[in-house]
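Numbering (our numbering), first residue to last: 5 to 184.
This is the structure we're talking about:
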């Protein structure tokens with residue numbers, strides 16, 4: 005642990021892998037060991053401290069910028085299992101108890117393509133899981149419940165077109181059925 009600070013900030017902890025002057029820098033791995041015959045493998049927790057006056061610390065997971073190639077990918081993957089349902093992924097924005105303030109937002113944005121020559125923004129895909137024995141998983145989107153007043157609006161739209169072209173289309177279709 006870093007040193008405590010009684011009048012100023014506590015000490016910082018920096019952990020770096022080795023630089024590679026001609027090739028790649030070193031990898032950085034954080035992992036817990038496999039579980040034994042009984043039990044579960046150890047958890048990994050990233051958490052900033054609480055704040056009594058002000059904003060709590062930010063947690064940032066960021067791949068490095070590439071000046072001569074593609075930026076690094078970022079993956080969140082749940083390991084497979086052979087007993088029970090698969091593990092879930094939860095992304096929850098912050099709650100607030102302050103008057104006349106909104107809960108935290110969640111924004112998912114695909115990548116910008118800034119080149120004026122053939123630049124095409126990244127796609128955003130959402131899929132329900134495939135089911136090999138019965139139905140595939142459902143995809144549900146719902147606005148927020150309002151316990152005292154209205155529920156949240158739900159808007160689905162494409163933006164206006166630029167100087168050349170048409171605005172994006174909206175398509176709704178269900179799949180074909182071979183029996184039923």
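Where a beta carbon is used, it is the ideal one built from N, C-alpha and C, also for glycine.
- Taking C-alpha positions only, residue 115 is separated from residue 102 by approximately 34 Å.
- Of the candidates 139, 31, 11, the residue whose Cα lies closest to the Cα of residue 181 is 139.
- Excluding its 5 nearest sequence neighbours in each direction, residue 83 has C-beta neighbours in its own chain below 8 Å: 91, listed in chain order.
- Between residue 60 and residue 52, the gap from beta carbon to beta carbon is short of 8 Å.
- Residue 37 and residue 50 have their C-alpha atoms spaced approximately 17 Å apart.
- Here residue 24 is not near residue 15, since their CB atoms are 8 Å or more apart.
- When rounded, the separation of the alpha-carbon atoms in residue 35 and residue 77 is 19 Å.
- Residue 97 is positioned such that its CB atom lies closer than 8 Å to that of residue 107.
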